[in-house]
Amino acid sequence: MENELQKTRSLLNPILTFGAFVIAFIFFYGLIGEDKTELPSQLIGQSTPVFKVEDIYNPSIIHTDKEFEGKIILVNVWASWCPSCYIEHPYWKQHSKNKDITLVGLNYRDTKGKALAFLRQQGDYYQWNLFDEKGRLGIEFGVYGAPETYLIDNKGKIRYRHVGIVNTKVFNEIILPLVEKIKQGS
Amino acid sequence: MFGINIYKNISNLKSNTLALVISVCLTCFSSSLSANIQVFDFDDDDLAKRFSHLTSILRCPKCQNQNLTGSNSTLSLDLKQIVYEKLKAGESDQQILSFMKQRYGDFILFDPEFSRDNALLWGGPLIFFSLILFLFMFWYKNNRIGTRASEDVRDLINTRETKND
Numbered sequence: 011m012e013n014e015l016q017k018t019r020s021l022l023n024p025i026l027t028f029g030a031f032v033i034a035f036i037f038f039y040g041l042i043g044e045d046k047t048e049l050p051s052q053l054i055g056q057s058t059p060v061f062k063v064e065d066i067y068n069p070s071i072i073h074t075d076k077e078f079e080g081k082i083i084l085v086n087v088w089a090s091w092c093p094s095c096y097i098e099h100p101y102w103k104q105h106s107k108n109k110d111i112t113l114v115g116l117n118y119r120d121t122k123g124k125a126l127a128f129l130r131q132q133g134d135y136y137q138w139n140l141f142d143e144k145g146r147l148g149i150e151f152g153v154y155g156a157p158e159t160y161l162i163d164n165k166g167k168i169r170y171r172h173v174g175i176v177n178t179k180v181f182n183e184i185i186l187p188l189v190e191k192i193k194q195g196s
Numbered sequence: 363m364f365g366i367n368i369y370k371n372i373s374n375l376k377s378n379t380l381a382l383v384i385s386v387c388l389t390c391f392s393s394s395l396s397a398n399i400q401v402f403d404f405d406d407d408d409l410a411k412r413f414s415h416l417t418s419i420l421r422c423p424k425c426q427n428q429n430l431t432g433s434n435s436t437l438s439l440d441l442k443q444i445v446y447e448k449l450k451a452g453e454s455d456q457q458i459l460s461f462m463k464q465r466y467g468d469f470i471l472f473d474p475e476f477s478r479d480n481a482l483l484w485g486g487p488l489i490f491f492s493l494i495l496f497l498f499m500f501w502y503k504n505n506r507i508g509t510r511a512s513e514d515v516r517d518l519i520n521t522r523e524t525k526n527d
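Taken in sequence, the protein lines are chains A and B. Under my numbering, the first residue of the first sequence is numbered 11, with each subsequent residue one higher. Under my numbering, the first residue of the second sequence is numbered 363, with each subsequent residue one higher.
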């Protein structure tokens, strides 16, 4: 009887030690596996920031957050100084064919001449473009680099933020399912 | 002889002109470099102190391991400018920090506050350490040589006693 007890005890010890190692491994793997350069957005589920920003082509046209009402909006933060934006831009040609989405550009901390040249050379697929020269609207959105893309639902709530290039995979697998959800009213 | 002198004079003139051109160029470039450094003027010493405190505890979202004071990225410069404007406008430190937190989350603080979301992160090491301590004590209790020896002696006495019976 006593012998059996000792046997189970001597079996239990390595099992417990192994368990502790597994827990430690999961814990540290979780820490290492996480992409620390990608920050979670604070604005998910929040309302679109209130803003008044001029149009990139025509300074007399002032865009506000009111224009977003009732539409499913994708705000794409871009700049002519951002190398990834040149890679991302052709994807917008494809994505902008989707009639459910209104694609709005947010030109972030750029000069007007370079931004307009970018649109002339790369093509303008945006419904309208906000000219955020000082980067203040970007900060309202919590932008920390370009490109970034925000999905805003028809009630003006920010539903998703993507840091980096919105390629076909991201668009089809993340954004479109969310757009479907929004259309169904949830 | 005369010809060489002229040549020397001309070459001196050339190097002088070259030096002038270089120094002018350097001056121009250095001014364009120094344009990246912002200067924040405060009339009030207290405001200046609060500014340096706030920019030292706020982290640059773009550069991860630098605070706003140490970072010269454009985003940091913008955020510093916002802190400056808000201080000038009379906002409290708490208001400024919550403005930053609303946009960039706890990440923006170098010393994040304890909340429900990060409870595991704060408590995790403590739980893990307790678990290790518990396991060690469990192991120690079962492997004490003294206990084993005395148990062996007891067993020996028991067997003798049963034999004597």
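Heads up, the beta-carbon is just placed ideally off N, CA and C, and yes, glycines get one too. Treat the numbers as computed from the prediction; the structure is a model and nothing was measured.
Worksheet item: Can you list, in chain order, the stretches of the beta strand (DSSP E) that have 3 or more residues and sit fully within the region 428–501 of chain B?
Response: none
Worksheet item: Name the chain E residues whose beta carbon is nearer than 8 Å to that of A:Gln-52?
Response: In the displayed structure, chain E is absent; the protein chains listed are A and B.
Discussion item. One question on the structure: do A:Tyr-154 and A:Val-85 come within less than 8 Å of each other, judged by their Cβ atoms?
Written reply: no
Worksheet entry | Extent of the continuous beta strand (DSSP E) to which A:Asp-142 belongs | 138–142
Item to complete: With 8 Å as the threshold, decide whether the Cβ of A:Gly-123 is near any Cβ in chain B.
Response: no
Worksheet entry | Within chain A, partners of B:Asn-423 - CB distance below 7 Å | In the sequence as presented, Asn is not what sits at residue 423 of chain B; that position holds Pro. Going along chain A in sequence order, the residues near B:Pro-423 (Cβ under 7 Å) are Leu-49, Tyr-154.
Item to complete: Throw me the rounded Cβ distance for the A:Tyr-136 and A:Leu-113 pair, which I believe falls under 8 Å.
Response: 5 Å
Worksheet item: Going by beta carbon distance, what residues of the same chain come within less than 8 Å of A:Ser-94, once the five residues before and after it are set aside?
Response: Ala-156, Pro-157, Gly-174, Ile-175
Worksheet entry | Residues sharing a beta bridge with A:Arg-171, DSSP | A:Tyr-160
Worksheet item: Excluding the five sequence neighbours on either side, which residues of its own chain have a C-beta within less than 6 Å of the C-beta of A:Thr-27, listed in chain order?
Response: none
Discussion item. In this structure, how does DSSP classify A:Thr-74 when only helix, strand and coil are distinguished?
Written reply: strand
Discussion item. According to DSSP, simplified to helix, strand and coil, what is A:Asn-23?
Written reply: helix
Fill in: Near-chain A residues of the region 421–445 of chain B - C-beta to any C-beta below 8 Å
Pro-423, Lys-424, Gln-426, Thr-436, Leu-437, Asp-440, Leu-441, Ile-444
Discussion item. Could you give the first and the last residue of the continuous alpha helix (DSSP H) run that contains A:Lys-123?
Written reply: Residue identity check: residue 123 of chain A is Gly in the sequence provided, not Lys. Start and end: 122–132.
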